[in-house]
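Chains as they are written, first to last, in this note's numbering: chain A, 2 to 114; chain B, 26 to 135.
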């Protein structure tokens with residue numbers, strides 16, 4: 002069974018540019034989560050999709066971040082315009098149901114210069 | 026106070042040693058608990074879920090103490106390959122978000 006995949010693995014952009022991250026969850030997992038880890042800090046929750054609906058987006062830092070999951074399959078996370086403090090590793094995870102273990106993708110390392 | 030607290034370490038232990046990590050959580054309504062392992066520059070990988078009765082998987086034993094609001098991870102007969110950061114993860118149940126600890130770094134020394 003294929004795991005969670007993320008694209009790209011790395012992205013280096015300049016402040017003010019736009020970046021779109023993609024996550025493909027494990028097939029059949031309705032629950033999809035986005036997280037971010039800033040160096041030296043804990044992994045922080047960003048948002049949770051159940052199928053195509055945003056169940057909880059309380060962790061989204063501000064309105065420069067937009068997540069979508071059209072069709073309830075893959076998800077995208079767009080940062081526009083990117084700021085220096087957006088740098089970090091963005092992880093996506095999926096699970097069969099809330100409360101069950103989540104399986105993580107390899108992450109996208111975003112560097113904003 | 027953080028929702029999930031862990032000693033970041035590092036814990037440096039010789040091969041073959043037994044090592045234990047604790048993790049405390051502040052939300053008494055928390056329902057699901059997990060230990061994840063994260064290698065340098067890699068994603069977290071599920072090590073084990075933690076249940077009320079505790080559970081064991083080979084050299085690894087996880088315990089939950091609801092009264093004191095902590096979970097523990099015991100690693101017996103440490104191997105060099107156990108060197109990693111161990112993340113405590115707490116889910117408050119249902120559609121509540123998952124909260125991560127900072128992780129405890131373990132270095133097993135030959």
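A virtual CB, placed ideally from N, CA and C, is assigned to each residue, including glycine.
None of the values given here were measured: they were computed from a predicted structure.
At least one CB of chain B closer than 9 Å to the CB of residue i: is that the case?
| i | result |
| --- | --- |
| residue 46 of chain A | yes |
| residue 59 of chain A | yes |
| residue 18 of chain A | no |
| residue 103 of chain A | yes |
| residue 9 of chain A | no |
| residue 49 of chain A | yes |
At the level of alpha carbons, what is the spacing between residue i and residue j?
| i | j | result |
| --- | --- | --- |
| residue 89 of chain A | residue 38 of chain B | 30 Å |
| residue 9 of chain A | residue 41 of chain B | 39 Å |
| residue 103 of chain B | residue 101 of chain A | 28 Å |
| residue 67 of chain B | residue 52 of chain A | 26 Å |
| residue 128 of chain B | residue 33 of chain B | 6 Å |
| residue 12 of chain A | residue 95 of chain B | 38 Å |
| residue 105 of chain B | residue 22 of chain A | 35 Å |
| residue 18 of chain A | residue 78 of chain B | 50 Å |
| residue 80 of chain A | residue 49 of chain A | 17 Å |
| residue 97 of chain B | residue 77 of chain A | 35 Å |
Could you please give the first and the last residue of the uninterrupted beta strand (DSSP E) stretch that includes residue i?
| i | result |
| --- | --- |
| residue 27 of chain A | It is not in any beta strand (DSSP E) - residue 27 of chain A carries neither H nor E in the DSSP assignment. |
| residue 39 of chain B | 36-39 |
| residue 79 of chain A | 76-80 |
| residue 89 of chain A | 89-96 |
| residue 69 of chain A | 66-69 |
| residue 68 of chain B | That residue, residue 68 of chain B, is in no beta strand (DSSP E); it is neither H nor E in DSSP. |
| residue 5 of chain A | Where residue 5 of chain A is concerned, there is no enclosing beta strand (DSSP E), given that its DSSP letter is neither H nor E. |
| residue 110 of chain A | 109-113 |
| residue 62 of chain B | 57-63 |
| residue 57 of chain A | 54-57 |
| residue 76 of chain B | Residue 76 of chain B -> no beta strand (DSSP E), and no H or E assigned at all. |
Do residue j and residue i come within 9 Å of each other at the CB atom, strictly closer than that value?
| i | j | result |
| --- | --- | --- |
| residue 30 of chain B | residue 50 of chain B | yes |
| residue 16 of chain A | residue 85 of chain A | yes |
| residue 108 of chain A | residue 25 of chain A | no |
| residue 46 of chain A | residue 57 of chain A | yes |
Would residue i pass as an interface residue toward chain A - the criterion being a Cβ-Cβ separation below 9 Å?
| i | result |
| --- | --- |
| residue 133 of chain B | no |
| residue 80 of chain B | no |
| residue 56 of chain B | yes |
Quick test of your reading: residue i and residue j, contact by CB under 8 Å. State the CB separation rounded to the nearest angstrom.
| i | j | result |
| --- | --- | --- |
| residue 130 of chain B | residue 35 of chain B | 4 Å |
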